[in-house]
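One structure below.
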Amino acid sequence: MASARLGRSIKRAPLGFGTKVSLVFFLGLAFVVTWWTFSSPSASAVSSQRSSFDDIEALPATPAPRKGKEQSRKKAHQKKPPDSLPKNENSKRTAVGSKNDKKEKEKKKGGGGGEIEQVAAAKNETSKPEGQQDEEESEEKVDVEGLEEVTDSENATDEDMEEGVDANAEDDAGEDNLKNRSKKKKKLGPLFDPKARYTWKLCSGKTGHNYIPCVDMEGGHRHHERSCPRTPITCLVSLPKDYKPPEAWPERESKIWFKNLAHPKLSEAIKTQSWLNLSGDYLFIPSEESEFKGGAQHYVSSIEEMVPDIEWGKNIRVVLDIGCTGAGFGAVLLKKDVATLSLGLMSDQTDMAQLALERGIPAVVGNLRSRRLPFPSSVFDAIHCGECGIPWHSNGGRLLLEINRVLRPGGYFITSTKHGDIDAEEVERKQESKIAREECMTALLSSVCWNILAHKADEVSETNIRIYQRPTSNDVYEIRATKEPPFCRENENQDAAWYTPVKACLHKVAAAIEQRGTDWPEEWPKRLETFPEWLADSEDKLTKDHEHWKAIIDKSYLAGLGIDWSNIRNVMDMKAINGGFAAALASQKVWVMNVVPVHAPNTLPIIFERGLLGIYHDWCEPFSTYPRSYDLLHADHLFSRLKNRCKQPIVIVVEMDRILRPGGWVIIRDKLEILNPLETILRSLHWDIRMTYGKDKEGLLCAQKTTWRP
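Spelled out as structure tokens, the structure:
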């Protein structure tokens, strides 16, 4: 009885209804958490799902009809094809962009007070290097490698070089920033709204068909510095009347359809320049004539005679030509295997840089004033300024110090002036005496320790040519009479060049063997595939990257996309990494502008080291070139990397339409979630979709621009 009473005494009272519900709720919550933990893949797992596309069968050499393409796409990914254009062309365009209002934003100002609101840039995370795939390849398959989500260099430094950002500041947030960026990435919506519809209009008639948004102002005036409009450009630039595609190379170098770039200032220049011959509708530029009296060939040969160490196309491969008075200098050097980039100044109202691009000669529009040039430090083998009237010694010699920054140690600075106009000054300095100007220049050259190699008055070209050389060692700086200009800070980022002001300080020469700039590159073309000591750790990766892109070019791009490469001369790689795409095209009759986005790892020095041309740029803004400059644009995962940056990603497509000539081509490799709506956008622009291909969330789109304008 006692035990029975004890049992009854410890028996628990039945649980209430509320208690039971609470218990079931907590058990269910524990189950959900456990399930989520073991089933949800991490971001790193997703990014490494696909690193090779060797098993993709060969792409057809002929364009496929849209119906067949849609059936193929459905079969490959079980996805519906992009919606076709609506029958009502007047339907309103919906807003495109991110819907996440909680993103951290910053105001980025262009010169002249223009502001563009952008999502704050996030540094790229280190990823598996491109090209480290299985080496087994089938000769009968088209190589469609490189469709990885992240293809940036493993060892490259990620520099944030935008205005208002201290490129030298250390990131103290560490892992917390990575977690925050990961969280933000999950909240992002699609880059392009797949349900959006697009209607287009032409830009204002005041801008004209040669409109450069960040250079030109309405009314025919130009900014002194790069200054982009406050409102993103979403209008289309008009075409010149009776526009015609350029001639095939090399005929286009000397024969141009004048209506493609005709305007009053250029017409006036033709009347005064004997080397420009207008005959009917064509502008002829005889190869033996140029802006240099006696011809550019004689001018270039004179420089080589003055300094025998200058061997064009061998130890001198990458050259910057400031002023672009007619690109005759660059045209002659092209025949000597020298890659010369002509810098057309914003003050040039005759638009000689546009003439150079129409001829198929590398050129870009810029200025040399208060901001750094958009190039890394110590990359140009030589810099030339013909008939140069730039006041190098004014404002503390800042402009010459900027030349010192981008010139390779041991590199050559070549300047020429007309007889009787040595070291010409700007207008406000013209009253100064010639002796005072020469004394200032001499003092400046002494302070930066440049060696004067030669000074010659050439009677044939009627120019005074001077050649200087940048020091190769810091020892020479120890014997300076004065310490002005002072040395730049040791921790300053010399490569920061996007809206970065020119500083009145002197950069030292690299001293350690593992530093860039200590050794002169190999002679061309060996330097394309031979890497210096400072790239020793990346040599295997760069070699595989070169082989990777060479396979893509040979097996797919040259023969498998339907592109007539005889009509391709000016090419742009919109997101170059190590220059592999351009290096693979080195044997073709093209030149490639390698664009390294300012938010991406800083691989532009590697590109220059290989003897290729390149530039920094932010694709949320228009590029500094004339409309219809390029024959082919290549974008490898450009859009997916700009997903969290540009306020209106549609401006990238608008800019591609502006800088690509009618009849020009685009090759875009990216995620299918981006390519599908992008195809719809290109169709709304009446571009011809020549080929699409996709597999495992990655794909390729090849399209050709037409002459259609709204």
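Residue numbering for the sequence shown follows this note's numbering, starting at -1 and increasing by one per position. Even for Gly, the Cβ is constructed at its ideal location relative to N, Cα and C.
Spatial neighbours of residue i in its chain, beta-carbon cut-off 6 Å, leaving aside the 5 residues before and after
i    : result
P63  : Low per-residue confidence applies at P63: pLDDT is 43, beneath 50, and the placement is therefore not dependable, though the value from the model is reported in the following sentence. Once the five neighbours on either side are set aside, P63 has no close Cβ partner at all.
T516 : A508
L670 : G692, K695 and G697
D616 : V596
P675 : F190 and P192
G394 : A502
M159 : The predicted model places M159 with a pLDDT of 37, which falls under 50 and marks its position as unreliable; any figure quoted below should be read in that light. For M159, where only same-chain residues beyond five positions count, the Cβ hits under 6 Å are A165, A494, W496 and V596.
Extent of the continuous alpha helix (DSSP H) to which residue i belongs
i    : result
I657 : I648 to I657
N674 : L670 to S682
S277 : Per DSSP, S277 belongs to no alpha helix (DSSP H); it is in the beta strand (DSSP E), N275 to S277.
S638 : L636 to R639
S340 : Run containing S340: none in the alpha helix (DSSP H); it sits in the beta strand (DSSP E), A337 to L343.
V298 : A294 to M304
F327 : G326 to L332
L602 : L602 to E607
G578 : G578 to A582
C-beta contact flag for residue i and residue j at 7 Å
i    : j    : result
H505 : Q513 : no
F378 : L405 : yes
E619 : C226 : yes
T623 : V305 : no
L658 : K703 : yes
A572 : L636 : Reading off the sequence shown, one finds Met at residue 572, where the question assumed Ala. Cβ atoms of M572 and L636: closer than 7 Å.
S252 : S299 : no
E400 : V500 : yes
L355 : S627 : yes
K291 : S459 : yes
I465 : L451 : yes
L366 : L397 : yes
L200 : P708 : yes
C700 : L559 : yes
T413 : C383 : yes
D240 : K257 : yes
R220 : M344 : yes
L281 : I254 : yes
A246 : S585 : no
V651 : I672 : no
I283 : L276 : no
N313 : E521 : yes
T480 : K416 : no
P230 : Q646 : yes
Residue range of the beta strand (DSSP E) that includes residue i
i    : result
M570 : N568 to D571
K465 : Note on identity: in this sequence residue 465 is Ile, with Lys being the wrong assignment. T461 to Q467 is the span of the beta strand (DSSP E), which, as asked, contains I465.
E696 : E696 to Q702
G409 : L405 to K416
W589 : W589 to P595
G692 : D686 to K693
Y280 : Y280 to F282
D379 : F378 to C383
W255 : K253 to W255
H615 : L611 to H615
H544 : Looking at the DSSP string, H544 is not in any beta strand (DSSP E); the run it does join, the alpha helix (DSSP H), is E537 to I550.
Nearest-angstrom Cβ-Cβ length linking residue i and residue j, presumed shorter than 8 Å
i    : j    : result
W273 : E289 : 6 Å
D728 : N208 : Since the first and last residues shown for the chain are -1 and 708, residue 728 lies out of range.
T232 : V649 : 6 Å
L353 : D319 : Rounded, the Cβ-Cβ distance is 13 Å, inconsistent with contact.
R639 : A598 : 7 Å
G661 : P243 : 5 Å
H546 : E527 : With 8 Å as the limit, H546 and E527 do not qualify as a contact, their Cβ atoms being about 13 Å apart.
Closer than 6 Å: residue i CB and nearest the ligand SAH heavy atom
i    : result
D571 : Because no ligand of any kind appears in the structure shown, any question about the ligand SAH cannot be addressed here.
Sequence-distant residues of its chain with Cβ nearer than 7 Å to residue i (five each side left out)
i    : result
S471 : V507
V588 : I566, R567 and V569
E157 : Confidence at E157 is low in this model, with a pLDDT of 36, below 50, so the placement of that residue is unreliable and no value is reported for it.
L331 : V298, W310, V317 and T338
H296 : V458 and S459
K334 : W310 and G311
V22  : none
E677 : P80, I687, T690 and L699
Cβ neighbours of residue i in the same chain (closer than 8 Å, five flanking residues each side left out)
i    : result
I511 : D517, E531 and W532
R403 : R370, S375, S376, Q492 and H505
H684 : T704 and W706
Requested in this report: Evaluate the contact criterion for the region 317 to 331 versus the region 347 to 363: three or more CB pairs, one atom per stretch, below 8 Å.
Outcome: yes
Requested in this report: Say whether the region 608 to 618 touches the region 577 to 597, bearing in mind that this needs 3 or more beta-carbon pairs closer than 8 Å, one atom from each stretch.
Outcome: yes
Report task. Indicate whether the contact test is met: 3 or more Cβ pairs, each with one atom in the region 408 to 416 and one in the region 523 to 543, closer than 8 Å. Result -> no
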